[in-house]
Structure formats: C-alpha cells, structure tokens
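Numbering (the numbering used here), first residue to last: 18 to 173. Don't be surprised by glycine CBs; every beta carbon is placed ideally from N, CA and C. In this text, all values refer to a predicted model and were calculated from it rather than measured experimentally.
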C-alpha cells in the first residue's frame, strides 16, 4: 500500500473516532453510535422516559407504552440484514430505524411486539430472537411506517 493511501486512511480513521467519541460523550451512554443515535432519535420522537442502558428489553416508555428500538446502517438502499438480538418481548412496540451511508434516516417503522415475534427466528446460541429487515417486517399488516412523521417532528 502506498504511503499516501495509508496516511489518508489513518486520517479518516482518526476523524471517525473523534466524531464517534464526541457523539458518545454528548449522549453520555455507550460507544455503540448507531444504537445510541437510534435511541436518541426515537426518544425525541416519542418523548417520555429514556431508560438506562441496562433496562431489559425496553428503551423508552411514553404514554404508558414501552418501546424497544433497533437501528441499522444499510447504505443507500434498504438491504435485508439482521437487527440486534431481542432477549425479551416485554415491550409494546419495536421501533426500527434504517440509515444510509451519511447517517440519514431512510426508513422508520414501528410494529407491535407480538407481530414482531411472529416474524422473528429464535437464536439459541445468542439466547434470543433475530428479526431480519425484509419484506416480512416492512410489509407486515401491523407495521406502521413512521418515516415521514418522525423526520417531520424532528425537523430532519
């Protein structure tokens, strides 16, 4: 690898880490930036109470409803990928935010937990369930597309 390319990659790596650390410090939570931004955006959308990182299966409580939120950075087009493991179904709604390469929200949905569980697959190795971001999720009769409403409410 040419030195010039190495230096360029190293420069971007440092910039990425400076930005990631700045976001993590502002949010005062974990270093999982996609997950933290998903919780941040979801909390701004739903208001209510944002629970501790250690809260089992529930990220936000708003208007007596509980939400578990998941996010994925997928690029310019929505691709089928797995969401983070779900270890508890003790929430009312699953909210999913999908991001493009620039971090813009390209899809936001919510689905009742019982409907999400129907389309999940158990993963015994990880002691939980996995949901894929595919047509079963996005086209489920109980899935609500909240993309435009969320972006409008947040002004993004």
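- Going by DSSP, residue 110 is part of no alpha helix (DSSP H) but of the beta strand (DSSP E) stretching over 110-116.
- In the assembly as shown, residue 98 is an exposed residue. Its beta-carbon has fewer than 16 other beta-carbons within 10 Å.
- The closest CA to that of residue 156, considering only 127, 36 and 172, is found on 127.
- Three or more beta-carbon pairs drawn from the stretch 117-137 and the stretch 159-169 are found closer than 8 Å, and the two stretches are therefore classed as touching.
- DSSP places residue 25 in the uninterrupted alpha helix (DSSP H) bounded by 20-44.
- Residue 111 counts as buried, since no fewer than 16 other beta carbons sit within 10 angstroms of its beta carbon.
- Under DSSP, no beta-bridge partner is assigned to residue 132.
- The beta carbon of residue 134 lies closer than 6 Å to those of 106 in the same chain, with the five residues before and after it left out.
- Taking one beta carbon from each stretch, the stretch 83-97 and the stretch 51-62 have 3 or more pairs nearer than 8 Å; the two touch.
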